[in-house]
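A.B. asks:
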Amino acid sequence: MVKVAIAGATGYTGGELIRILQNHPEADLRWLISTSLAGKSVSSVHRDLLGECDLKFTDETGEPDILFMALGHGLSREFLQKNKLPEGCKIIDLGSDFRIDNTFENHRFVYGLSELFLDKIKNTNYVANPGCFATAITLALAPLAQESLLKDEIHIHAITGSTGAGKNLSGSSHFSYRESNISVYKPFNHQHLPEIGKTLSLFAGDTVPQINFIPLRGDFTRGILASVYTRVSKEYSNEMLRNLYETAYIKSPFVYLSKETISLKEVVNTNKVLIQAERHGEFVHITSVIDNLIKGASGQAVQNMNIMFGFEESCGLKLKGSAF
Numbered sequence: 000m001v002k003v004a005i006a007g008a009t010g011y012t013g014g015e016l017i018r019i020l021q022n023h024p025e026a027d028l029r030w031l032i033s034t035s036l037a038g039k040s041v042s043s044v045h046r047d048l049l050g051e052c053d054l055k056f057t058d059e060t061g062e063p064d065i066l067f068m069a070l071g072h073g074l075s076r077e078f079l080q081k082n083k084l085p086e087g088c089k090i091i092d093l094g095s096d097f098r099i100d101n102t103f104e105n106h107r108f109v110y111g112l113s114e115l116f117l118d119k120i121k122n123t124n125y126v127a128n129p130g131c132f133a134t135a136i137t138l139a140l141a142p143l144a145q146e147s148l149l150k151d152e153i154h155i156h157a158i159t160g161s162t163g164a165g166k167n168l169s170g171s172s173h174f175s176y177r178e179s180n181i182s183v184y185k186p187f188n189h190q191h192l193p194e195i196g197k198t199l200s201l202f203a204g205d206t207v208p209q210i211n212f213i214p215l216r217g218d219f220t221r222g223i224l225a226s227v228y229t230r231v232s233k234e235y236s237n238e239m240l241r242n243l244y245e246t247a248y249i250k251s252p253f254v255y256l257s258k259e260t261i262s263l264k265e266v267v268n269t270n271k272v273l274i275q276a277e278r279h280g281e282f283v284h285i286t287s288v289i290d291n292l293i294k295g296a297s298g299q300a301v302q303n304m305n306i307m308f309g310f311e312e313s314c315g316l317k318l319k320g321s322a323f
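Given below as structure tokens:
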């Protein structure tokens, strides 16, 4: 059994980590680190875990084999500087601290998009978990990048649920604002754009074309639907496109390809990525859907843990979608 600690276990991603790891056959969840809530029960914060987890929050880092950091963006580097971990402890950071600048002391974090960097993840102790939008969008475009088909501007409209904003309230996260409402935010300059561009460039072999990304806030709780389209440099039929995507993800247990229109509810509460790619005249249109809290955060983090320790990649992650 792998001894597990979670730093920042009070938020949405922390709560999902607890839920998944509590039922993971190879994980021994021992330490839930929170200095402000030390001594309080998990269910006092995560009411959905009442009767499921009897752990209490602690201000000690413990002696874990692996530490998950779900601290919020910009806080992970400071946590590592202030807290001593056992030698050989593996680290998965769910924040943004190491996605672009991946160095910490004499260590380098591997970008943890499981389907694209599996071999690197196997051979590291340090993983920077990707952002939720970055996961959905990069997996939609990676097969085209690998075939050097990304030559023209890329256009993306992607909508996310309210949990993507985290647990802290803001004017745009209140129920009275989100309910029955859709709004654009951070057009063309969302914080996930650099990691999308950086990752695609590794496969494209040259400069990635301009990415025009319009993120939207949805009136639902969880999930991301990304609608992506671009002109392609070769005449690819729908059958050729399907073969391209099937070949790219043939060894990926969580990526599923659909010939039919896909929807968000098919993947909510799962670690799945559902993709549909179709040709429309000179354009290729790709739709991808994920659960932002699971495949976009906590589930992918556990998937990376499985890879790092040599467990079956889907261990503890065989989850059924809500669907209705």
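Following numbering that gives the first Met the number 0, the numbering of the sequence shown begins with 0 at its first residue and continues without gaps. Note that the Cβ used here is the ideal one computed from N, Cα and C, for glycine as well.
Using three-state DSSP, classify A133 as helix, strand or coil.
C.D. replies: helix
A.B. asks: Please list, in chain order, all residues of the same chain as M304 whose beta carbon is under 7 Å from its beta carbon, the five residues on each side excluded.
C.D. replies: I65, I91
A.B. asks: Could you check how far apart the C-beta atoms of R216 and S257 are, in whole angstroms? I think they sit under 8 Å.
C.D. replies: At roughly 25 Å, the Cβ-Cβ gap does not stay under 8 Å, so R216 and S257 are not in contact.
A.B. asks: Going straight from the alpha carbon of N211 to that of I285, what length do you get?
C.D. replies: Straight-line Cα distance between these residues: approximately 15 Å.
A.B. asks: Counting only the same chain and skipping the five closest in sequence on each side, list residues whose C-beta sits under 6 Å from that of S313.
C.D. replies: Only P252 meet the Cβ criterion.
A.B. asks: Kindly indicate which three-state DSSP category E25 falls into: helix, strand or coil?
C.D. replies: Look at E25 here: in three-state DSSP terms it is coil, with no helix or strand label.
A.B. asks: Indicate whether the contact test is met: 3 or more Cβ pairs, each with one atom in the region 101–110 and one in the region 233–240, closer than 8 Å.
C.D. replies: no
A.B. asks: Among P193, K264, A203, L199, which one has its Cα closest to the Cα of F219?
C.D. replies: K264
A.B. asks: Is it a yes or a no for the region 66–76 touching the region 10–20, going by three-plus beta-carbon pairs under 8 Å?
C.D. replies: yes
A.B. asks: If you draw a straight line from the C-alpha of L292 to the C-alpha of A37, how long is it?
C.D. replies: 25 Å
A.B. asks: Looking at C-beta atoms only, is the number of pairs between the region 78–97 and the region 268–281 that lie closer than 8 Å three or more?
C.D. replies: The region 78–97 is not in contact with the region 268–281.
A.B. asks: Mind checking who D92 pairs with in its DSSP beta bridge?
C.D. replies: M68, A127
A.B. asks: Tell me the DSSP secondary structure of F97 in three-state form.
C.D. replies: coil
A.B. asks: For T57, count neighbouring C-beta atoms within 10 Å of its own C-beta (all shown protein chains included) and say buried if the count is 16 or more, exposed if not.
C.D. replies: buried
A.B. asks: Bridge partners of Y110, per DSSP?
C.D. replies: DSSP lists A127 as the bridge partner or partners of Y110.
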